[in-house]
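Read through the structure below, which is laid out as structure tokens, and then see the notes.
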Amino acid sequence: MAERSFAAEVEKLKMGEGEVFRGEGILAITKALLECGVGYVGGYQGAPISHLMDVLADAQPILSELGVHFEASASEAAATAMLAASVHYPIRGAATFKGTVGVNVASDALANLASGGVTGGALIIIGEDYGEGSSIMQERSHAFAMKSQVWELDPRPNLPSIVKAVKDGFELSEASNTPVILQVRIRCCHVHGRFTASDNQKPAMSVADALENPRRDTGRIVLPPASYAHEQEKVAKRMPAAQAFVRERKLNEFFGPADGKVGIILQGGMYNAVIRALQRLGLADLYGESSVPLYVMNVTYPLVDGEILDFCADKDAVLMVEEGQPNYLEQAVGAILHKAGAKVTLTGKGPLPLAGELTGAIMLEGCRSFLAAHAPHLLNDKDRAPNLESSPATGSKLAETVPMRPPGFCTGCPERPIFAATKLVQQELGEHHIASDIGCHLFSIMPPFELGATTMGFGLGPASASAFNAPDAKRRSISFIGDGGFWHNGLTTSIGNAVYNRNDGVIVVVDNHYSAATGGQDLMSSRAGNVSKSTNHPIAEAVKGIGVKWVRQIDRTYDVGRMAATLKEALTTPETGPKVIVASSECMLNRQRRERPLQAKAIGNGERVIKPRFGVDEDICTGDHACMRLSGCPSLSVKKLDDPLRDDPVAHIDQSCVGCGNCGEVAVAAKLCPSFYRADRVHNPTGFDRFLARLRSRVIGWLQARREARRLVFE
Amino acid sequence: MSGAVTISGLAPGGEDSTRDILKIAIMAVGGQGGGVLTDWIIELAERNGYRAQATSVAGVAQRTGATIYYIEMAPDTGREPVFALSAAAGDVDIVIAAELMEAGRAVLRGFVTPDRTTLIASSHRILAVSEKIVPGDGSRDGWEVLSRVNEASKRLVAFDMERPAVEAGTVISASLFGAVSGSGVLPFAKHAFEEVIRAGGRGIEPSLAAFEACHRQAEAAEAVGIGPRPEKTVARPFERVAKGPAALVGQWTGLERRVADLPEAARPLILAGLRKVVDFQDVSYGAEYLDLIDRAARLDADEYGWRFTLVAAKHVANAMAYDDVIRVADLKTRRARGRRIRDEMGADGNTVLGVTEFLHPRMAEICGMLPWRLGQWIEARPGLFAWLDRRISRGRFVRSDTVFGYLMLWILASVRPWRRGLLRHKVEHAHRTEWFERALLIREEDYALGVEILECRRLIKGYSDTRDRGMSKFDRVLSALEHLEGRDDAADWLRRLREAALLDEKGGALDSALEAIRAERLDRAAE
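Read top to bottom, the protein sequences are chains A and B. Here our numbering is used: the first residue of the first sequence is 1, the next is one more, and so on. Here our numbering is used: the first residue of the second sequence is 716, the next is one more, and so on.
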């Protein structure tokens, strides 16, 4: 069950000819796939394309009606390998994942697919996780297109252009027997806009038809001598075919005057930012009519030499707007111009910074300084020589005051007690080398835990600790891996590797029942039933199956004491080989989303429901905040008391507490203080509940009255 | 401008053509409903003759991190405007900040500029982890940010928008939507906003309630402004009446009369300290407290603002009312505590509420409850102590709302009359006396240094290991006294040492400060 419902979005997939689709870019792509008669879709979740997977996962009825096969692939490699169905058969297929980390994983399959080529259209939708909001290293997927001779579309970030790019992508793929990458950035995936839908198409040939009459062609398989022929085909046949297709179908666009002394060449994805810069310089109107000639590359690979040379023919200077590094396009355009002896000046990274997101301010300054240098008459005085506005006086003092707010564990997260226990064990046994992985558990590297020295990628936590295999060392390494990373590749890459190489380290599998960080998609070990997927495959069984001897399963991670004891035992047991602790509790975000409506309904029709919530006795708490250093839960904060005898704020739990118990368990396990209590509110109490409560309050009331009568009470 | 080719009559270097676009950035913390607010604003624009575009950065920041949503809208002329996908520094008309520090962040990122930006911000605080984990008071200066963002914005509409949402049982996005409506910064009528909420389908009534409350406050917020910095008021101890058996009330009145002879400026604080000490033990313990305060006040004088007496009144009271098992059990079994829990949980009289206490007494705490000779005898035998600790020291989850659970705590609290004979009291009494006498002695030559020694008591707090660390910091800070005595800036150094000790748990900052003193002292010796 995903983190939020996509029922509304699923309905929109049914839209037909002429209806106006309103929604996000990534959902427009999903609809466009159905409109192009796609036969199968695979992919792996990850911002910013997760919603495509979430919607199709909930759209089973529509897909089966159209005969479209959808898979939540085990990994990006599996998703790309699935595109083999388009090698021999004229079936259109699509795979989607995050770039560049997903493309890294998919690149082996992508290279094989690109070598032999495809018959049916093969479209790879990459959500380029670059710039603000990204959670990965800042790189460009463009390199993979050049490496494997796979074409790359980078459409203008509005829904009509994106949908057109999906259609063009399939046709380009079929016209050149080459897989095509459709690259969309974060804000392009999540831009709310609209486009006019067309009817969904059943695939001309379904996967079932292909199964019933199989085809094969040794010449398409990557093995000598065919592999050498493939390479020649790529450069002699497929690329020219692609360039011709791009040119004839006018996939790249020209805006502004046909001729002029200066011009701007830009990736399609940069169109809105460039137009906005020109608008602010008064060189483009509200609707994008530009006074400066623009050559918009909606296809960023292959480049079309002719179009570039024609565009630059009458120009003194041209600006190449390209985001990220290295500047592949500037180099390629430069080579084309140089080879043709063109005299135009090409600039790009200079007015624009070498790396980093081209934000509004950077794009404005880049365009302004380019035009000031090469076409000053186009600029008004203010823009030609702006006086450098002084940095706002408010800057300095404010910068010290505003705290960082990195992402962290949600309220009631089951992973927090795992890291609280780890911190307690380290207080006892000393610091250990800790290897982290990718997922919510990576938030352990931030305060208050600060656990974890490296992350080498998804499912690679334990693998990244494999060098520390020194049996004589007095301390073992600890490595973390999430259930997502485990099933993606970690079972073999990390656990299998540790077993085979007799690694002596401790491996903690953080199992929150979902691929939680990306929105709570189900996976092999999810405990929820799933209509179309087979779940409930315990991680502990898989770990034992691959040969791990020392395995512990913990089914309530909130038991900090038991977590710490198990971890300590793993670190100190004489037994050799990898020690694996599977710490399982459901992601609280998903659990609340499922349980809260059920609870509300149960309470509504009179069932007895107990809702826990935690609290702190403010007169017992001394304001040392030791509990904060082992928790960091958003609902556990501090509050100033209006008591003149108190210097420091005391702990306080607000109404957002979900009663998971971590703060109380930590206070007990770490022997912090007796200030925490849990209040269990009984909704719709039974007659016996009421009787017992009345009896107790009478006896307790009597005891309280007796004591108060014998002492001074200040009210 | 000759020789330039123009299309569609656009004179080169004309004015910024995005004047008709309304640019809105929403700065929120992941989980605050920023997406809901964005969808509402888009719906509002599209229902009322505007074309609109919104982008969000759904991703890892959604997990309690700082995140941003960006909206652009323009009157619908039939043609599609080209909207930007992200906010540009210096080019935003409206910034909506769902928390005070996020408003500060918006200014730091250049999205709020005095020439054009209306800033609508909730002034409530969601403390960042870095603010919560500091042993001392780590929360950042909210008013500093409020005044800075006020300077940095053309118009500021700021008030606590979280409370109306919590009171209405909904999320802050509804309050923010109301504040936007009330501030009149969007060209749409209030009922247009309300229609959007009604069309939303979920939690309509609570959302409308929060919307209404913040709409009205936003209209008024303009005139109110942010007002002056609230000066650091020492909380006035409110008057309390002592109730109980006539004899005890009589003795208490006697103590109150003694307070009347003490310096007028310190009386309220001394009275608060006296109440805490008497409530902790008994009236004669209160008398003991006043004896100490008398000695503190005797050499004190009006010219010092009675600072030594004031600081002594606070810290001596805290030192005498130490956190032992008896105090915890006593506080947890009081009638007032039961009422407070019910208030905090929003439960009325007849709600059935189970209360579980999370306790972990160690042998050290139990030993402190024994007569001091027996306690010292056990502590002198580490083997025995450890054997006992293995049996006693484990987590105990006590249902204090049941008769049996309550009775256990009630019995523990009933040991109070014999407290003076117990080991813990002997230890605390010795430590308090040594610290207080030292402060009195040093005060005679260096008044300020005497005050700072008293203030160091603030370092001792927490239970078990945390308290031991607090004690070690206290000793380490006072260990610097031998280096500092005789210097005229001694007090200032001691204060800085104490503040360094409050910066982190293990006292790393404290160690480096101590190092600085030793090094500096060596140089002076070398001169």
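Think of the CB as a built atom: it goes at the ideal place given N, C-alpha and C, for glycine as much as any other residue.
| query | result |
| --- | --- |
| Three-state secondary structure (DSSP) at B/L725? | Unreliable placement is indicated for B/L725, whose pLDDT of 43 sits below 50; no coordinate value is reported for it. |
| I want to know whether the segment 461-475 of chain A touches the segment 495-512 of chain A - three or more CB-CB distances under 8 Å. | yes |
| Which chain A residues sit within Cβ distance under 9 Å of B/D994? | R711, L712, V713, F714 |
| Rounded to the nearest angstrom, what separates A/L211 and A/L34 at their Cα positions? | 21 Å |
| Can you look up A/K202 in the DSSP assignment and give me helix, strand or coil? | coil |
| A/L352 bridges to which residues according to DSSP? | A/K349 |
| Starting from the beta carbon of B/M876, find every residue of chain A whose beta carbon is closer than 7 Å, and list them in chain order. | Residues of chain A passing the Cβ test: none, with the nearest at roughly 15 Å. |
| Restricting to Cα atoms, I'd like to know which of B/R1050, B/R863, B/E846 is closest to A/M404. | B/E846 |
| Can you tell which of A/Q243, A/P406, A/L329, A/G350 has its C-alpha closest to the C-alpha of A/Q267? | A/L329 |
| For the putative contact between B/I739 and B/I811, defined by C-beta atoms under 8 Å, what is the C-beta separation to the nearest angstrom? | 7 Å |
| At the level of alpha carbons, what is the spacing between A/R4 and A/M588? | 13 Å |
| A/P644 and A/G623: beta carbons closer than 7 Å? | no |
| Is the closest heavy atom of the ligand ZN to the C-beta of B/A802 under 6 Å? | You won't find the ligand ZN in this model; it holds no ligand whatsoever. |
| Any idea which residues DSSP pairs B/V1031 with across the strands? | In DSSP, B/V1031 forms no bridge with anything. |
| Take the Cβ of B/M1078 as the centre, count every other Cβ of all protein chains shown within 10 Å, and call the residue buried at 16 or more, exposed below. | buried |
| Which of the three DSSP states, helix, strand or coil, is assigned to B/T753? | helix |
| At a Cβ threshold of 7 Å, is A/S396 touching chain B? | no |
| Excluding the 5 residues flanking A/S369 on each side, which residues of the same chain have their C-beta closer than 6 Å to its C-beta? | P351 |
| Answer yes or no: does any C-beta atom of chain A fall closer than 7 Å to that of B/A843? | yes |
| According to DSSP, which residues form a beta bridge with A/C714? | One point to set straight first is that residue 714 of chain A is Phe, not Cys, in the sequence displayed. B/A957, per the DSSP bridge assignment. |
| What's the C-alpha gap between B/C929 and B/M876? | 7 Å |
| I want to verify the contact list: residues of chain A whose CB lies under 8 Å from the CB of B/S854, in sequence order. | V638, P649 |
| Could you tell me whether any Cβ in chain B is nearer than 7 Å to the Cβ of A/D624? | yes |
| Name the chain B residues that come within less than 7 Å of A/C673, Cβ to Cβ? | G1177, Y1178 |
| Using a Cβ cut-off of 7 Å (strictly closer), state whether B/M1060 contacts chain A. | yes |
| Against chain B, with Cβ distances strictly below 7 Å, would A/S584 count as a contact? | no |
| Check A/Y558 in the structure and name its three-state DSSP category. | coil |
| In chain A, which residues lie less than 9 Å from B/Y1000 when you measure between Cβ atoms? | In chain order: nothing, as chain A lies at least about 11 Å away. |
| Reducing DSSP to helix, strand and coil, say where A/P612 ends up. | strand |
| Determine whether the Cβ of A/M15 lies closer than 7 Å to any Cβ atom of chain B. | no |
| Among all the DSSP beta bridges, which residues are the ones paired with A/Y295? | A/F254, A/I265 |
| Under a three-way DSSP split, which group does B/M716 fall into? | Because B/M716 sits at a pLDDT of 35, beneath the cut-off of 50, its placement in the model cannot be relied upon, and the point is left open. |
| Check whether the segment 758-771 of chain B and the segment 26-40 of chain A touch, using three or more Cβ-Cβ pairs below 8 Å as the test. | no |
| In chain order, what residues of the same chain have a beta carbon less than 6 Å from the beta carbon of A/V551, not counting five sequence neighbours either side? | A540, V543, K544, V580 |
| Taking Cβ to Cβ, would you say B/A1251 is nearer than 7 Å to B/A962? | Residue 1251 of chain B lies beyond the range of chain B shown here (716 to 1242); nothing can be said about it. |
| Please list the partners that A/C410 has in chain B, where partner means a Cβ-to-Cβ separation under 9 Å. | G745, G746, R778, T779 |
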